[in-house]
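Student:
2 protein chains.
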Amino acid sequence: MPRPPQRLLSAEIIVDAALKMIDISGDFTMPGLAERLNVRPSSLYNHVSGRAEIIELMRARAMASIRIDEHGEETGDWVATVAALAREYRLSYSKHPRLIPLLTAHTVQTDIAFGMYNALATAFTAGGFSPAEVLHAITALDSFVLGSALDLAAPQEVWASTPRANEPMRAALAAAGSAPTRADDAFEFGLRVLIAGLRAESSSAP
Amino acid sequence: MPRPPQRLLSAEIIVDAALKMIDISGDFTMPGLAERLNVRPSSLYNHVSGRAEIIELMRARAMASIRIDEHGEETGDWVATVAALAREYRLSYSKHPRLIPLLTAHTVQTDIAFGMYNALATAFTAGGFSPAEVLHAITALDSFVLGSALDLAAPQEVWASTPRANEPMRAALAAAGSAPTRADDAFEFGLRVLIAGLRAESSSAP
Numbered sequence: 749m750p751r752p753p754q755r756l757l758s759a760e761i762i763v764d765a766a767l768k769m770i771d772i773s774g775d776f777t778m779p780g781l782a783e784r785l786n787v788r789p790s791s792l793y794n795h796v797s798g799r800a801e802i803i804e805l806m807r808a809r810a811m812a813s814i815r816i817d818e819h820g821e822e823t824g825d826w827v828a829t830v831a832a833l834a835r836e837y838r839l840s841y842s843k844h845p846r847l848i849p850l851l852t853a854h855t856v857q858t859d860i861a862f863g864m865y866n867a868l869a870t871a872f873t874a875g876g877f878s879p880a881e882v883l884h885a886i887t888a889l890d891s892f893v894l895g896s897a898l899d900l901a902a903p904q905e906v907w908a909s910t911p912r913a914n915e916p917m918r919a920a921l922a923a924a925g926s927a928p929t930r931a932d933d934a935f936e937f938g939l940r941v942l943i944a945g946l947r948a949e950s951s952s953a954p
Numbered sequence: 749m750p751r752p753p754q755r756l757l758s759a760e761i762i763v764d765a766a767l768k769m770i771d772i773s774g775d776f777t778m779p780g781l782a783e784r785l786n787v788r789p790s791s792l793y794n795h796v797s798g799r800a801e802i803i804e805l806m807r808a809r810a811m812a813s814i815r816i817d818e819h820g821e822e823t824g825d826w827v828a829t830v831a832a833l834a835r836e837y838r839l840s841y842s843k844h845p846r847l848i849p850l851l852t853a854h855t856v857q858t859d860i861a862f863g864m865y866n867a868l869a870t871a872f873t874a875g876g877f878s879p880a881e882v883l884h885a886i887t888a889l890d891s892f893v894l895g896s897a898l899d900l901a902a903p904q905e906v907w908a909s910t911p912r913a914n915e916p917m918r919a920a921l922a923a924a925g926s927a928p929t930r931a932d933d934a935f936e937f938g939l940r941v942l943i944a945g946l947r948a949e950s951s952s953a954p
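One line per chain: the protein sequences are A and B, in this order. Just so you know, we're using the numbering used here here: the first sequence kicks off at 749 and counts up by one. Just so you know, we're using the numbering used here here: the second sequence kicks off at 749 and counts up by one.
Below you can see the structure in the form of structure tokens.
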């Protein structure tokens, strides 16, 4: 029996297929990817160096859709820069929620990701934070945004109606809008609160 | 050939095995779980109703290790309650980072999880937030904590040294401590900032 013809491969086709596997089952393996693409595993390595590079290519793709607004740097409005980046970052990552723990488990390597982190570092430095605080602020924002991206991908009903909810929790659940408004409102509330706290922290610096 | 003897099964044994599969590959299936436990798939259903219940049992297990301090409610110190819960919640979830997107993709059903959400709802209500704001505050804290749990499970080197980092980002990276101190410091910074923002929001309410 002749082998089936090898498909034309590219790094892009490989990343597409791996991302579909992650969306479905939370992960991918190189042999599983080869099987899905109907190629020999060795063929994959003509285009990518392995699993880590594929994950970095996914990060690059998610980051590429984030518009880095250099405007904030010029006007010195660090708050506007941080808020705009956080909003775009959340929307981009919410498209593939199951990719998130793979990204956080790998070192950020890709140049394109540093576009966003550089813009955040510039903004927080302009806001008066010390270098150590800049990294803390980036990390705290990162954590909030990734958690919010997971929340945006959450089901319509995040909390079941249950007699176990106490009175304050029942009142809170009754006041909730429906998805995605609930998630959007909670994100904007959290972003406003986080930025208010960062402003206070920055102005209380010696 | 005689079939191998059926292992003694329990919901606990099933959850243990599913959690191991998630730690390794990010997910589990009922047939895969049966194979791992060397039982027939139908045997699993004598103990659990299916995948959704297994995920809820994992949530219950993670939540069970969080000490709900009723003390804060009595003294009215909502900030202390929120901070203590956030710290315990992060540590508990960081043990199984790849479980996080499965938990956020499923409706919270388990009674034990409502212990923490009830305590948060009581604390934020005591802090003067309206019911809608209480849900936003819980969601924002949830997002920050889950993102921080992923960060605690991140590799030693979160950002590679690269010429693409600009001057503020290079300075920030140079000031970073090593893991887990880096992640702990960033979490405490973020928690302080988030709580400062919540305090300001609560006191500015009409």
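Beta carbons: idealized from backbone N, C-alpha and C, even for Gly.
Do the CB positions of LEU839 of chain B and ILE848 of chain A come within less than 8 Å of each other?
Tutor: Cβ atoms of LEU839 of chain B and ILE848 of chain A: not closer than 8 Å.
Student: Any Cβ of chain A within less than 8 Å of the Cβ of TRP957 of chain B?
Tutor: Nothing about residue 957 of chain B can be read from this structure; chain B reaches only from 749 to 954.
Student: Tell me, please, which residues DSSP counts as bridged to TRP826 of chain B.
Tutor: DSSP output for TRP826 of chain B lists no bridge partner at all.
Student: Would you decide whether THR777 of chain A is buried or exposed? Buried here means 16 or more other CB atoms lie within 10 Å of its CB.
Tutor: Burial call: exposed.
Student: Thinking just about the alpha-carbon of each residue, which of B:MET811, B:SER842, B:GLU801 and B:ASN914 is nearest to the one in HIS854 of chain B?
Tutor: Checking every option, the nearest Cα to that of HIS854 of chain B belongs to B:GLU801.
Student: Between ASP775 of chain B and SER773 of chain A, which are expected to be in contact by the criterion C-beta below 8 Å, what is the C-beta distance as a whole number of angstroms?
Tutor: Indeed, because the Cβ distance is near 5 Å, the residues count as touching under 8 Å.
Student: Considering just the uninterrupted stretch of the alpha helix (DSSP H) at PHE776 of chain B, what are its terminal residues?
Tutor: Careful: PHE776 of chain B lies outside any alpha helix (DSSP H) and carries neither H nor E.
Student: Hey, does THR929 of chain A have any beta-carbon neighbour from chain B nearer than 8 Å?
Tutor: No, no contact with chain B.
Student: What would DSSP say about VAL856 of chain B, mapped onto helix, strand or coil?
Tutor: Three-state DSSP puts VAL856 of chain B in a strand.
Student: Skipping 5 residues on each side, what residues in its chain have a beta carbon closer than 8 Å to that of GLY942 of chain B?
Tutor: Checking the sequence, you will find Leu at residue 942 of chain B rather than Gly. Taken in chain order, the residues that qualify are ALA888, LEU889 and PHE892.
Student: Among the residues of its own chain, which have a CB less than 7 Å from the CB of THR873 of chain B, if the five just before and after it don't count?
Tutor: If we look at THR873 of chain B and ignore the five residues flanking it on each side, its Cβ neighbours are VAL882.
Student: Would you be able to state if there are at least three C-beta pairs under 8 Å between the region 855-862 of chain B and the region 800-816 of chain B?
Tutor: In short, these stretches touch, since the Cβ pair count reaches three.
Student: Please confirm if ILE848 of chain B has its CB atom under 8 Å from at least one CB of chain A.
Tutor: Yes, because at least one Cβ of chain A sits closer than 8 Å to the Cβ of ILE848 of chain B.
Student: In chain A, which residues lie with their C-beta within 7 Å of the C-beta of ASN914 of chain B?
Tutor: What ASN914 of chain B touches in chain A: ASN866, ALA869 and THR870.
Student: For a contact meaning CB atoms closer than 8 Å, what does THR829 of chain B contact in chain A?
Tutor: Ordered by position in chain A, no residue passes the 8 Å Cβ test against THR829 of chain B, which lies about 12 Å from the chain.
Student: Using the rule of at least 16 other Cβ atoms within 10 Å of the residue's Cβ for burial, across every protein chain shown, is SER813 of chain A buried or exposed?
Tutor: Answer is exposed; the Cβ neighbour count stays below 16.
Student: If we call anything under 8 Å between Cβ atoms a contact, is ILE731 of chain A one with ALA920 of chain B?
Tutor: No answer is possible for residue 731 of chain A: it lies beyond the span of chain A, which begins at 749 and ends at 954.
Student: Quick check: what's the CA-CA separation for LEU894 of chain B versus GLY895 of chain A?
Tutor: Spanning the two alpha carbons is a distance of roughly 6 Å.
Student: Check each candidate in B:ALA901, B:ASN794, B:ALA869 and B:THR910 and name the one with the smallest Cα separation from MET917 of chain A.
Tutor: Of the listed residues, the one whose Cα sits closest to MET917 of chain A is B:ALA869.
Student: Since LEU792 of chain A is in the alpha helix (DSSP H), which residue starts that stretch and which ends it?
Tutor: Taken as a continuous stretch (DSSP letters only), the alpha helix (DSSP H) holding LEU792 of chain A covers 789-792.
Student: Using a Cβ-Cβ cut-off of 8 Å, state whether ASP771 of chain A counts as contacting chain B.
Tutor: ASP771 of chain A does not count as touching chain B.
Student: Assuming MET864 of chain A contacts LEU900 of chain A (C-beta within less than 8 Å), just tell me the rounded distance between them.
Tutor: Their Cβ separation, rounded to whole angstroms, is 18 Å, which puts MET864 of chain A and LEU900 of chain A out of contact at 8 Å.
Student: Please list, in chain order, the chain A residues whose beta carbon lies closer than 9 Å to that of GLU783 of chain B.
Tutor: In chain order: nothing, as chain A lies at least about 15 Å away.
Student: Quick one: using the 10 Å Cβ neighbour count with 16 as the cut-off for buried, is GLU724 of chain A buried or exposed?
Tutor: Not covered by the structure: residue 724 of chain A. The range shown for chain A is 749 to 954.
Student: Out of curiosity, what's the CA-to-CA distance linking ASP933 of chain A and ALA944 of chain A?
Tutor: So the alpha carbons of these two residues sit roughly 16 Å apart.
Student: Around the Cβ of ASN866 of chain B, are there at least 16 other Cβ atoms within 10 angstroms (buried) or fewer (exposed)?
Tutor: Under this definition ASN866 of chain B is a buried residue.
Student: Closer than 7 Å by beta-carbon distance: list the chain A residues that pair up with SER926 of chain B, in chain order.
Tutor: Ordered by position in chain A, no residue passes the 7 Å Cβ test against SER926 of chain B, which lies about 12 Å from the chain.
Student: Using 10 angstroms around the beta-carbon of PRO845 of chain A, count the other beta-carbons present and answer buried if the total reaches 16, otherwise exposed.
Tutor: Flag for PRO845 of chain A reads buried.
Student: Considering Cα atoms alone, identify which of A:SER926, A:TYR837, A:LEU850 and A:ASP825 is closest to GLY876 of chain A.
Tutor: With distances taken between Cα atoms, GLY876 of chain A lies closest to A:ASP825.
Student: With 8 Å set as the bound, which would you pick, yes or no: does the beta-carbon of ILE886 of chain B sit closer than that to a beta-carbon of chain A?
Tutor: Yes, ILE886 of chain B lies at the interface with chain A (some Cβ there is under 8 Å from its Cβ).
Student: Would THR852 of chain B be called buried (16 or more neighbouring beta carbons within 10 Å of its own) or exposed?
Tutor: When all chains shown are included, THR852 of chain B counts as buried.
Student: Answer with buried or exposed for ALA922 of chain B, where buried requires no fewer than 16 other C-beta atoms within 10 angstroms of its C-beta.
Tutor: Exposed, by the Cβ-count rule.
Student: Taking just the CA atoms, how far does ALA931 of chain B sit from PRO880 of chain A?
Tutor: The sequence given here places Ala at residue 880 of chain A; Pro does not occur at that position. Between ALA880 of chain A and ALA931 of chain B, the C-alpha separation is close to 12 Å.
Student: Out of curiosity, what's the CA-to-CA distance linking SER790 of chain A and VAL763 of chain B?
Tutor: Taking the straight line from one Cα to the other gives about 36 Å.
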